[in-house]
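Enquirer: Sending over a structure as structure tokens; questions will come in a sec.
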Amino acid sequence: MNFEVKGTVLPVLEAILQPGETVVSTHGDLGWMTPTVALSQTTQMGSGGRGFMKSAKRVVGGGGLFLTRYQAEAAPGTVVFASKLPGNIISVEVTPQRSYFVHRSGFLCGTEGIEATVALQQKKLTGGFFGGMGFFLQHLTGEGVAWLELSGEMFTYDLPAGQTIRVHPGHVGAFDQTVSFTVGTIPGLANKFFGGNGFFLADLTGPGRVWLQSMSIQMLAAAIAEYLPNTGNGGDSGGSSGLVDGIIGGVFGN
10 MNFEVKGTVL
20 PVLEAILQPG
30 ETVVSTHGDL
40 GWMTPTVALS
50 QTTQMGSGGR
60 GFMKSAKRVV
70 GGGGLFLTRY
80 QAEAAPGTVV
90 FASKLPGNII
100 SVEVTPQRSY
110 FVHRSGFLCG
120 TEGIEATVAL
130 QQKKLTGGFF
140 GGMGFFLQHL
150 TGEGVAWLEL
160 SGEMFTYDLP
170 AGQTIRVHPG
180 HVGAFDQTVS
190 FTVGTIPGLA
200 NKFFGGNGFF
210 LADLTGPGRV
220 WLQSMSIQML
230 AAAIAEYLPN
240 TGNGGDSGGS
250 SGLVDGIIGG
260 VFGN
């Protein structure tokens, strides 16, 4: 199979499949495809994902209970996955010796050998739950190629052993399994309450590669919230507000 990222601000991933080849996605990110590609639903991803508990863990991690398999049948076919927000689409090689942690809506699709489950990255639950997306990550294991979606501009850091970078949880895109990840509070009472940066930061400590994203979905939602009409105070509830509700529902749902 052949993959190609096309576009600029809102890129898409085009997968050209030969007969019998399959690509699997955990999200409803289908853009378009040729009639030679058949769709099917499954709770398993390749040889992994067996059992209800693994499927449930995938849901908590940001995926769906069911996976969509796209397979070319008697002739070559093309399937295109569209990004949800302006940003970048990148690929990573997953092996039994090298896995990756990805933000909870970052796994776009992969070959059948990839397994995506939830990863609870620290034992202290308080910081994790209030840290939001920094706590619930997807863990990509198995063997194959995975394609990731990162929002906004992408910045890559290769951290040597012992070096730490402190990141707002929403800006964590992905990182190697060798990178240590914990969620802690911002130091200083005044910084917590008056700094406007929230209460929590993620500490990423090398060795390993880290991918950061400049656009945080939470911050995007907060930035546009004040410009949305309030449909609960007797205002316009016609077609335009319904459209806005649908858009915002999609943003918060992802």
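Sequential numbering of the sequence shown, starting at 10, is according to the numbering used here. Just so you know, even glycine gets a beta-carbon here, dropped at the ideal spot from N, CA and C.
What are the boundary residues of the beta strand (DSSP E) that Met42 is part of?
Expert: Start and end: 39 to 42.
Enquirer: From Ile99 to Ala155, what does the alpha carbon distance come to, in whole angstroms?
Expert: For Ile99 and Ala155, the distance between alpha carbons rounds to 8 Å.
Enquirer: Once the 5 residues before and after Met163 are set aside, which same chain residues still bring their CB inside 8 Å of it?
Expert: The answer, listed in chain order, is Gly96, Asn97, Ile99, Gly182, Trp220, Leu221, Gln222, Ser223.
Enquirer: Report yes if the C-beta distance between Cys118 and Val32 is below 8 Å; otherwise report no.
Expert: It is a contact, given that the beta carbons lie within the stated cut-off.
Enquirer: Taking the beta strand (DSSP E) that Gln80 belongs to, which residues open and close that run?
Expert: Taken as a continuous stretch (DSSP letters only), the beta strand (DSSP E) holding Gln80 covers 76 to 81.
Enquirer: Cutting at 8 Å between CB atoms, please list the residues of its own chain near Ala199, excluding the five before and the five after it.
Expert: Low per-residue confidence applies at Ala199: pLDDT is 46, beneath 50, and the placement is therefore not dependable, though the value from the model is reported in the following sentence. Nothing listed; no residue qualifies.
Enquirer: Provide the residue(s) that pair with Ser189 in DSSP beta bridges, ordered along the chain.
Expert: Beta-bridge pairing links Ser189 to Thr214.
Enquirer: On the premise that Thr187 lies in contact with Pro216, defined as a C-beta separation below 8 Å, what is that separation, rounded to the nearest angstrom?
Expert: Between Thr187 and Pro216 the Cβ distance is about 5 Å, and since that is below 8 Å, they are a contact.
Enquirer: Given a cut-off of 8 Å, decide if Val21 and Val111 are closer than it, judged by their beta-carbon atoms.
Expert: No, the Cβ-Cβ distance between Val111 and Val21 is not below 8 Å.
Enquirer: Can you tell me where the beta strand (DSSP E) holding Met163 begins and where it ends?
Expert: 163 to 168 is the span of the beta strand (DSSP E), which, as asked, contains Met163.
Enquirer: Can the beta-carbon of Ala83 be found less than 8 Å from the beta-carbon of Thr45?
Expert: Closer than 8 Å, so yes.
Enquirer: Let me know the secondary structure DSSP gives Leu304 once reduced to three states.
Expert: Past the edges of the chain, shown from 10 to 263, lies residue 304, and the structure says nothing about it.
Enquirer: Under a three-way DSSP split, which group does His282 fall into?
Expert: Because the chain is modelled from 10 through 263, residue 282 falls outside the range shown and cannot be assessed.
Enquirer: Ile212: which of His177, Ala128, Gln27, Arg78 sits nearest, CA to CA?
Expert: Ile is not the amino acid found at residue 212; the sequence shown has Asp there. Checked all of His177, Ala128, Gln27, Arg78; the closest Cα to Asp212 is His177.
Enquirer: Spatial neighbours of Leu19 within its chain, please: CB distance less than 6 Å, with the 5 preceding and 5 following residues excluded, ordered by chain position.
Expert: Result list for Leu19: Ser92, Pro95, in chain order.
Enquirer: Do Leu149 and Val103 have their beta-carbon atoms positioned less than 8 Å apart in this structure?
Expert: Against a cut-off of 8 Å, the Cβ pair of Leu149 and Val103 comes out as a contact.
Enquirer: Can you name the start and end residues of the beta strand (DSSP E) that Val21 belongs to?
Expert: Where Val21 is concerned, the enclosing beta strand (DSSP E) stretches over 21 to 26.
Enquirer: Among Phe190, His36, Thr17, Gly86, which has the Cα closest to the Cα of Ile25?
Expert: Nearest option by C-alpha distance: Gly86.
Enquirer: Are the beta-carbon atoms of Gln227 and Gly179 separated by less than 8 Å?
Expert: Yes. Within cutoff.
Enquirer: Tell me whether Leu271 sits in a helix, a strand or coil according to DSSP, three-state version.
Expert: Limits of the chain in this structure are 10 at one end and 263 at the other, which puts residue 271 out of reach.
Enquirer: Name the two residues that bound the continuous beta strand (DSSP E) containing Thr104.
Expert: Segment: none, Thr104 is in no beta strand (DSSP E) and carries neither H nor E.
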